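Only one structure is covered here, and it is reproduced in the block below.
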Amino acid sequence: MNQSSVPRDATRRSPLRVAATLIAASVVAAGAAVAFAADADAASTLGASAAQSGRYFGTAIAAYKLSDSVYTTVANREFNMVTAENEMKQDATEPNQNQFNFTSGDQIATWATSNGKRLRGHTLAWYAQQPGWMQNMSGTALRSAMVNHITQVATHYKGKIYAWDVVNEAFADGGSGARRDSNLQRTGNDWIEVAFRTARAADPAAKLCYNDYNTDGQNAKSNAVYAMVQDFKSRGVPIDCVGFQSHFNSNSPVPSDYQANLQRFANLGIDVQITELDIEGSGSAQATNYSNVVKACLAVSRCAGITVWGVRDTDSWRASATPLLFDGNGNIKAAYTSTLAALNGVPPTDPPTSPPTSGPTTPPPTGGACSASVTLNQWNGGFTAAVRVTAGSAALNGWAVTVTLPSGATVTNTWNAVAGGSSGAVRFANAGYNAGVPAGGSTEFGFQGTGTGPSATPSCAAS
Ligand code: XIL
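By this note's numbering, the letter at position 9 of the sequence shown is numbered 233, and the numbering carries on one by one without gaps.
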């Protein structure tokens, strides 16, 4: 039970269809006054693009924000999994011992279900965000209270939860590999397995996860979690998944062995989930980090999905570090574009095959497969670039233009092509509807960016 591998959607969409819908997404999201016919029903959102490989893309939701229409519009459009940011925690659901309050948790559950989204439960047993009465308990009384709490909460939400974070953050940071000291830990080392068995009894259909941070790469802490999962599997303690919170910043960057770490846990016969992703920063560095996280998950067949810890930067628990995919106005960031592209499997930016030539942006002589020229509209801090793609002596059935941006420039929006990156050498591939260009004919695409626009002649290749 609950051990099956991640279901796969057999109807993976063609790259052309993906390309067309990517364009539709960027135009719609930017509100640009550009109209054209494009198939907009496929992978133009995070949720839909993740669903192409049977995965989900979720967000943390705060109940008190459900009356904010910008918030709900973005959340409803982009995500297909929801985690209650605080509303299902111990202090929220059992404010007084044995008096349960599901009001705000239910608001989120209802919003999720009525909008066709699945729900992750967070969290049943944790050293933090305990109600005052629980903080003051210990020993067998606390153990019984924990069991009662898990039973009541998991029973209340039974049938509505895709996965529960049964136990959160039970291991210590640093090199000890020890359990974190807490009142729950002091009830006996078996408190975690008791929590999992209790959750399984209350809601047998929910996947049961252990969730933690600083376990994203291989280190003493993740080794200790790994050993616990191995032990649980060998003794039949019910566990179905491990959640990797993935709160990243310059002190805690995306580890280089992130994918390998996810894979070694998956090899234990459990799912892995990225449960609270946020990456502090901005611009192309943040965008690259996000796409690297997505690529790591996509490369691990039992990586079931990704949840970001909030919708807009201003919704984040670390708002000042702008760690999310939408800005405070709900507009997409470069990190959104790179995340969507990674989910859609758009190939990474190709390095230029030869050094870009400097000088005026005139097209090279035709005769090769194609050439490209740029008309730049530059203002202080930003630009738009119109790129004309001209076929050589043979018709094109697909093309890709690589534009080299000066350092500091970032592509924020693209039309009539699919951007494979947002900074440095950016490869723009044709959209589904403009792949074909007759011999000697031309087509045009464009992009908007921040910083200084390109001055070098782009390279163009048939694809
Ligand atoms: C955070 C919430 O985002 C904040 O609103 C709250 O004040 C504190 O908790 N690890 C977890 C999450 O498992 O529950 C935490 O959420 C962030 C760290």
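Note that beta-carbon positions come from the ideal geometry of N, C-alpha and C, so glycine has one too. None of the values given here were measured: they were computed from a predicted structure.
Annotated three-state conformation of Trp541 is coil, per DSSP.
C-alpha of Gly664 to C-alpha of His471: approximately 51 Å in a straight line. In this structure, the beta-carbon distance from Ile498 to Cys465 does not fall below 9 Å. Here the distance from the Cβ of Gly534 to the nearest heavy atom of the ligand XIL is below 8 Å.
Here DSSP, grouped into helix, strand and coil, assigns Ala511 to helix. Taking the C-beta atoms as reference points, Cys527 is found no nearer than 9 Å to Ala484. Across the set Thr608, Thr614, Ala610 and Asn601, the C-alpha of Thr614 shows the shortest separation from the C-alpha of Gly592. Placement of the Cβ of Asp389 at a distance of less than 8 Å from at least one heavy atom of the ligand XIL is found. Assignment of alpha helix (DSSP H) within the segment 288 to 340, counting only whole runs of 4 or more residues, yields 293 to 302, 314 to 317 and 327 to 338 in chain order. For the ligand XIL, no non-hydrogen atom lies closer than 8 Å to the CB of His380. Leu501: member of the beta strand (DSSP E) spanning Asp495 to Ile503, first to last residue. Distance between Asn325 and Ala333, taken at the CA atoms: about 14 Å. Per the coordinates, the alpha-carbon of Pro682 lies some 23 Å from the alpha-carbon of Ala566. When the Cα atoms are used, Glu318 and Arg459 turn out to be separated by approximately 31 Å. At least 9 Å separates the beta-carbon of Arg404 from that of Asn413.
Around the Cβ of Asp455, a 10 Å sphere holds fewer than 16 other Cβ atoms; the residue is exposed. At least one heavy atom of the ligand XIL is found less than 8 Å from the C-beta of Asn392. The residues Ala429, in chain order, have a CB closer than 7 Å to that of Gly383 in the same chain once the five nearest residues on each side in sequence are set aside. In this structure, the alpha-carbon of Ser540 lies about 17 Å from that of Lys313. Inter-segment contact for the segment 668 to 686 and the segment 606 to 613 is present: three or more beta-carbon pairs are separated by less than 8 Å. Counting the other Cβ atoms within 10 Å of the Cβ of Gln469 gives 16 or more, which makes it buried. Ala618 has its alpha-carbon roughly 14 Å from the corresponding atom of Cys684. Judged by DSSP secondary structure, Glu417 falls within the alpha helix (DSSP H) whose first and last residues are Trp415 to Ala426. Gly673 is bridged by DSSP to Phe607 and Val635.
Gly363: member of the alpha helix (DSSP H) spanning Gly363 to His380, first to last residue. Annotated as distal: Glu302 and Trp533, with beta-carbon spacing of 9 Å or more. As the crow flies, the alpha-carbon of Phe420 is around 23 Å from that of Asp330. In this structure, the C-beta of Tyr280 stays at least 8 Å away from each heavy atom of the ligand XIL. Contact check for Asn438 against Gly467 fails: the beta carbons are separated by 9 Å or more.
The secondary-structure analysis by DSSP pairs Asp389 across a beta bridge with His346 and Cys433.
In the DSSP assignment, Ser273 falls within the alpha helix (DSSP H) that extends over Leu270 to Ala275. A direct Cα-Cα distance of roughly 43 Å separates Gly401 from Val294.
When DSSP states are grouped into helix, strand and coil, Ser474 belongs to the coil group.
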